[in-house]
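Structure, as structure tokens:
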Amino acid sequence: MKVAYKPSFIRDLKRIKGDLYERIRDLCFEEIPQYDRLEDVPLDVKKIAGFKEFYRIRIGDYRIGVQWDGEMLVFMRVLHRRDIYRYFP
Numbered sequence: 137m138k139v140a141y142k143p144s145f146i147r148d149l150k151r152i153k154g155d156l157y158e159r160i161r162d163l164c165f166e167e168i169p170q171y172d173r174l175e176d177v178p179l180d181v182k183k184i185a186g187f188k189e190f191y192r193i194r195i196g197d198y199r200i201g202v203q204w205d206g207e208m209l210v211f212m213r214v215l216h217r218r219d220i221y222r223y224f225p
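Quick note: the sequence shown uses this note's numbering, first residue 137, plus one each step.
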């Protein structure tokens, strides 16, 4: 799969502290891009209700907001669960 990262995703990621930063960074830049489809990723991935191409990936109390069109995966936001749905999609 092709992967892209929005500037807002990079900015959000830099604000995360400690071990969680490393865990999310490794997932998004190394592990997830190795898969051919989003459905193959062995994480808690759910489609956002009411949207055709938007999904969220749960990592502890954080959510990674992504857009998946079948070929390209765009990492858009990574925020705490209380904030993600205000800013994504």
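Even for Gly, the Cβ is constructed at its ideal location relative to N, Cα and C. Quantities reported herein were computed from a predicted structural model and do not represent experimental measurements.
Three or more Cβ pairs closer than 8 Å define a contact, and the region 208-221 meets that threshold against the region 147-167. In terms of Cβ geometry, V202 and L174 form a close pair [threshold 9 Å]. Only residues of its own chain outside the window of five on either side were considered, and among them R213, V214, L215 have a CB closer than 7 Å to the CB of D148, listed in chain order.
Annotation: I195 is outside any alpha helix (DSSP H); the continuous beta strand (DSSP E) that includes it extends over 190-195. Comparing alpha carbon positions, the residue from K150, R151, L179, R222 closest to R194 is L179. Out of A140, I184, E207, the CA that lies nearest to the CA of Y221 is found in I184. For I160, the enclosing alpha helix (DSSP H) starts and ends at 155-162. By a beta-carbon distance limit of 8 Å, V181 does not contact Y171. Their separation comes to about 11 Å. Put simply, of W204, G196, Y198 the residue whose alpha carbon is nearest the alpha carbon of A140 is W204.
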